[in-house]
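Undergrad: Okay, handing you the structure first.
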Amino acid sequence: MRRDIAYHFQQTQQDRLTISLNEDNESRTNSILDRFCFDIIPRIQYNIECLTVGPLSTDRILRIGNYPKLNKLILVNLSLKMASRILNNGSSFIHIYKHQISHLVVTINDDITAIRIKNVATNIFANILAMFTNLIHLDFNFGDNFGYPPTSFIKLLSTTCHSSSIVHLNVTVRNFDDCLCLLDGRLSQLHTFIVKVDNIDDLSMSIRKKVKNFES
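Quick note, in my numbering, the sequence shown goes up one by one and the last residue is 198.
Pasting the structure below:
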């Protein structure tokens, strides 16, 4: 029987977010999280197929359980720093689940605008394609508070950023050239493409020449 802890976790998360507004309730916050991690998860971890987690508890939820049936992961409102730490090849979670996850939803919500983070989101996206070998559904988008222009794929070579398994992609990109880059054949099985373009300019001639699977 399928078990999905999204509902239970959302309820816990709502309590935690309310409590976090009052520093006097920090002990209660930790108590709720401890109970969820140590009492609830052990009872259902072997049947969980989908996890929906937010930034305050992502580390604990991913680290505490053993999820042999987990195939769908939804990461909500992560900072770039947290997303970079979790979604890289050195992550213990990736080491265990990179062949197991088929559906991944990532929402990044970060108001940092420093130049040093310019390519971080792009690199996270490329890492996802490289690491999750059986990924068929990917949503990679940004929250309303994200303080930097969306992902750009112009400089990502098709030899280093590609997937032969993804059939569904929902992504936010910087401009229309980035959109077309993803349609140059690097996603060979793609049949559903949902894209939000931050800025539509005239297409560069170099991109026009590279596109093989795009029909105007």
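Every residue gets a Cβ at the ideal spot worked out from N, C-alpha and C, and that includes glycine.
Give me, in chain order, the residues of the same chain whose beta-carbon lies closer than 8 Å to that of leucine 44; leave out the 5 immediate sequence neighbours on both sides.
TA: Here the question's residue 44 lines up with position 62 in the sequence shown. Once the five neighbours on either side are set aside, the close Cβ partners of leucine 44 are Leu33, Val35, Ile68, Phe75.
Undergrad: Whole angstroms is fine: what's the gap from glutamine -5's alpha carbon to arginine 42's?
TA: Locating residue -5 in the sequence shown gives position 13, where the first residue counts as 1. Locating residue 42 in the sequence shown gives position 60, where the first residue counts as 1. Because the pLDDT of glutamine -5 is 42, which lies under 50, any placement of that residue in the model is unreliable, and the question is left without a value.
Undergrad: Relative to the C-alpha of phenylalanine 107, which residue among Asp126, Gly125, Leu86 is closest?
TA: As a working note, residue 107 is residue 125 in the sequence shown. The option with the nearest alpha carbon to phenylalanine 107 is Leu86.
Undergrad: Whose C-beta lies closer than 6 Å to the C-beta of phenylalanine 175 among residues of the same chain, with five residues either side of it excluded?
TA: Translated into the one-based positions of the sequence shown, residue 175 becomes position 193. Within the same chain, phenylalanine 175 has close Cβ partners Leu151.
Undergrad: Around the C-beta of tyrosine 28, are 16 or more other C-beta atoms found within 10 angstroms, so that it is buried, or is it exposed?
TA: On the sequence shown, position 46 is the one that residue 28 refers to. By the 10 Å Cβ count, tyrosine 28 comes out exposed.
Undergrad: For aspartate 160, count the other beta carbons within 10 Å of its own beta carbon; 16 or more makes it buried, fewer makes it exposed. Which is it?
TA: Position 178 of the sequence shown, counted from the first residue, corresponds to residue 160. Classification for aspartate 160: buried.
Undergrad: Rank Ser146, Leu165, Lys137, Leu162 by C-alpha distance to the C-alpha of threonine 104 and give the top, closest one.
TA: Translated into the one-based positions of the sequence shown, residue 104 becomes position 122. Ranking the options by Cα distance to threonine 104, first place goes to Lys137.
Undergrad: Give the single residue among Ile22, Tyr49, Leu172 whose Cα lies nearest to the Cα of isoleucine 83.
TA: On the sequence shown, position 101 is the one that residue 83 refers to. If we check each option's Cα against that of isoleucine 83, Tyr49 comes out closest.
Undergrad: Name the one or two DSSP bridge partners that serine 145 has.
TA: Mapped onto the sequence shown, residue 145 falls at position 163. Leu169.
Undergrad: Per DSSP, aspartate 121 is paired with what?
TA: Translated into the one-based positions of the sequence shown, residue 121 becomes position 139. Bridge partners of aspartate 121: Val87, Asn152.
Undergrad: Among the residues of its own chain, which have a CB less than 7 Å from the CB of methionine 113, if the five just before and after it don't count?
TA: Along the sequence shown, one-based indexing puts residue 113 at 131. Cβ neighbours of methionine 113 beyond the five flanking positions: Asn71, Ile76, Lys80.
Undergrad: Which of the three DSSP states, helix, strand or coil, is assigned to threonine 104?
TA: Locating residue 104 in the sequence shown gives position 122, counting from the first residue. Threonine 104 falls in the helix class under three-state DSSP.
Undergrad: Look at the alpha carbon of histidine 144 and the alpha carbon of asparagine 101, and state the distance between them as a whole number of angstroms.
TA: For the purposes of this step, residue 144 is taken as residue 162 along the sequence shown, with counting starting at 1. For the purposes of this step, residue 101 is taken as residue 119 along the sequence shown, with counting starting at 1. Approximately 17 Å between the Cα atoms of the pair.
Undergrad: Between histidine 173 and the rest of its own chain, which residues show a CB-CB distance below 8 Å, the 5 nearest in sequence each way excluded?
TA: Translated into the one-based positions of the sequence shown, residue 173 becomes position 191. Hits under 8 Å: Val149, His150.
Undergrad: Return helix, strand or coil for lysine 137, following the three-state DSSP convention.
TA: For the purposes of this step, residue 137 is taken as residue 155 along the sequence shown, with counting starting at 1. Residue state, collapsed to three classes: coil.
Undergrad: Nearest-angstrom Cα distance between threonine 142 and leucine 57?
TA: The residue you call residue 142 lines up with position 160 of the sequence shown. The residue you call residue 57 lines up with position 75 of the sequence shown. For threonine 142 and leucine 57, the distance between alpha carbons rounds to 24 Å.
Undergrad: Quick one: what does DSSP say lysine 178 is sitting in, helix, strand or coil?
TA: On the sequence shown, residue 178 is found 196 positions in, with the first residue counted as 1. Strand, per DSSP.
Undergrad: Below 8 Å between beta carbons: does that hold for asparagine 123 and threonine 89?
TA: The sequence position of residue 123 within the sequence shown is 141, counting from 1. The sequence position of residue 89 within the sequence shown is 107, counting from 1. Result yes, Cβ atoms of asparagine 123 and threonine 89 sit closer than 8 Å.
Undergrad: Checking 8 Å against the spacing of the C-beta atoms, do serine 61 and proline 37 come in under that value?
TA: Locating residue 61 in the sequence shown gives position 79, where the first residue counts as 1. Locating residue 37 in the sequence shown gives position 55, where the first residue counts as 1. Yes, Cβ-Cβ distance for serine 61 and proline 37 is below 8 Å.
Undergrad: Tell me, to the nearest whole angstrom, how far the beta carbon of arginine 156 is from that of asparagine 181; I am working on the premise that it is less than 8 Å.
TA: Position 174 of the sequence shown holds residue 156. Position 199 of the sequence shown holds residue 181. That pair is a contact at about 6 Å.
Undergrad: Note down the Cα distance separating leucine 246 from cysteine 163, rounded to an integer number of angstroms.
TA: Residue 246 falls outside the range modelled here, since the chain spans only -17 to 198, and no answer is possible.
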